[in-house]
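*Asks:* Please find one structure pasted underneath; my questions will follow.
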Amino acid sequence: MSIMFRLTPLPFRSSIYIPVRRFSQSTCSYAKSKTHQPKPKRLSKLSAPVYDTVTLDDGSLFVARVPLNPPPPIKISELPPAIKPIPIKRYHITEQEVLEMQKLREENPQRWTRKALADKFDCSPFFVGIAAPTSEELQERLQARQQRRAENYSHRRKHYAKLRQLRRKMW
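With the numbering used here applied, the sequence shown covers -18 to 152.
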């Protein structure tokens, strides 16, 4: 990269000169885009380039500042293989299994957590949370336990927890 210096006088004192750097544009190297973008027909006085101008039926002029030709559609054969196999949704749980799930959850919620029930019935923990939610009493105990833990938080962590609660309320 070539650097040229030019001495420029300061506006308030003519006897002092400061160097001004100029970089030649021909030596700058940068990464080129791998996707082909068509060149604009002309540069606009505005910031965006003009790719096409079309006269409409009512006589007005449509100025396209993005390419009007859509990119070619991607074929499925050109896509890379999936990282994980896409799971197929199964609706295999019967009413009796849902009732058994609720019964197990009521009997011993510490033993039959969402994860344990999901593993037993081969379903998602989200479904277990909908089909067999915890009792109000257990939810209150869990919230009280969480509040006791939160008392030991630093002031910054308390602040962020408070902000999370406010965001949840705004949903």
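By construction, the Cβ of each residue, glycine as well, lies at the ideal position given by its N, Cα and C atoms. Computed from a predicted model, the values in this text were never measured in an experiment.
Quick check: what's the CA-CA separation for residue 67 versus residue 106?
*Replies:* One C-alpha to the other measures close to 18 Å.
*Asks:* In terms of residues, what are the limits of the alpha helix (DSSP H) holding residue 125?
*Replies:* 117 to 131
*Asks:* So what does residue 43 bridge to, in DSSP terms?
*Replies:* 35
*Asks:* Hey, how far is the Cα of residue 102 from the Cα of residue 117?
*Replies:* When rounded, the distance between both Cα atoms is 24 Å.
*Asks:* Could you tell me whether the Cβ atoms of residue 83 and residue 125 are closer together than 8 Å?
*Replies:* no
*Asks:* Can you check whether the CB of residue 115 is closer than 8 Å to the CB of residue 149?
*Replies:* no
*Asks:* Leaving aside the five residues before and after residue 110 along the sequence, list all residues of the same chain whose C-beta is less than 6 Å from its C-beta, in chain order.
*Replies:* 95
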